[in-house]
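Trainee: Just dropping this structure here.
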Amino acid sequence: MKRKLFCSVLILLSYVCNAQPPVQFGPKAGINFATMIGKEVTGVKTLTSWHAGAVASFSFSKLFILQPELFYSQEGAQTGGLKYVISYLRLPLLFQLHHSSGFFVNGGPQFGLLVRGKAIYKDTDAEEDMKHILNKFETSLVMGIGYRLPEGLGIDLRYAAGLSNMGENSSIKLHTLSVGVSYLIGKK
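Numbered by mature numbering (1 follows the signal peptide of the UniProt record, and there is no 0), the letters in the sequence shown go through residues -19 to -1, 1 to 169 in order.
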């Protein structure tokens, strides 16, 4: 399954590179409101964290844009006396439909490579490494809305619903609501 998905992404990227549409790129950063959903978790509270990285924008028309991104993202949740902080290197491949007013909707797959995972005990600030029990690869489905000024400054609100389990013997999935700001430069 992962091989088919990887091959599909490569084919899509080769099409984008061959078509040579107008390209813009720039930085992106924002706030995450993450939680864990699954049968094994109760009393979960949202973890507020951050993400930062880079974005590219390939315009195929005034209406249709492919926007791959690459960013570092901290996610997780809080329960009882524990705070779970899980960091990923994220690669969303978003398909955007733009309106002439500057508003857009987007959606697509998001892939995550685990960078680190830890549980922090709130009363003592002691940390426990969780990376060995977490899956190293995570996939999500992303949906969102946003607005981009003609000068390149944009803001978006998106929801990423985890499709893969966080651990081998777990049905817990990450879900993240995020607000991001980006600035694109380059030809339109």
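Note that CB positions come from ideal geometry on N, CA and C, so glycine has one too.
Reducing DSSP to helix, strand and coil, say where residue 79 ends up.
Mentor: strand
Trainee: Can you give me the start and stop residues for the beta strand (DSSP E) that residue 145 sits inside?
Mentor: Element bounds for residue 145: n/a, residue is neither H nor E.
Trainee: Just tell me which of 147, 9 and 44 has its CA closest to the CA of residue 99.
Mentor: With distances taken between Cα atoms, residue 99 lies closest to 147.
Trainee: Alpha carbon to alpha carbon, what distance is there between residue 153 and residue 112?
Mentor: 15 Å
Trainee: Smallest Cα separation from residue 127: which of 49, 82, 19 and 107?
Mentor: 82
Trainee: Residue range of the beta strand (DSSP E) that residue 110 falls in?
Mentor: 108 to 110
Trainee: Judging by CA-CA distance, which residue of 8, 27 and 115 is the nearest neighbour of residue 48?
Mentor: 8
Trainee: Restricting to Cα atoms, I'd like to know which of 60, 118, 24 and 104 is closest to residue 68.
Mentor: 118
Trainee: Can the beta-carbon of residue 89 be found less than 8 Å from the beta-carbon of residue 72?
Mentor: no
Trainee: Mapping the DSSP letters down to three states, classify residue 136 as helix, strand or coil.
Mentor: strand
Trainee: Thinking C-alpha only, which one of 66, 87 and 70 is nearest residue 120?
Mentor: 70
Trainee: Between 26, 12 and 40, which has its C-alpha nearest residue 165's C-alpha?
Mentor: 40
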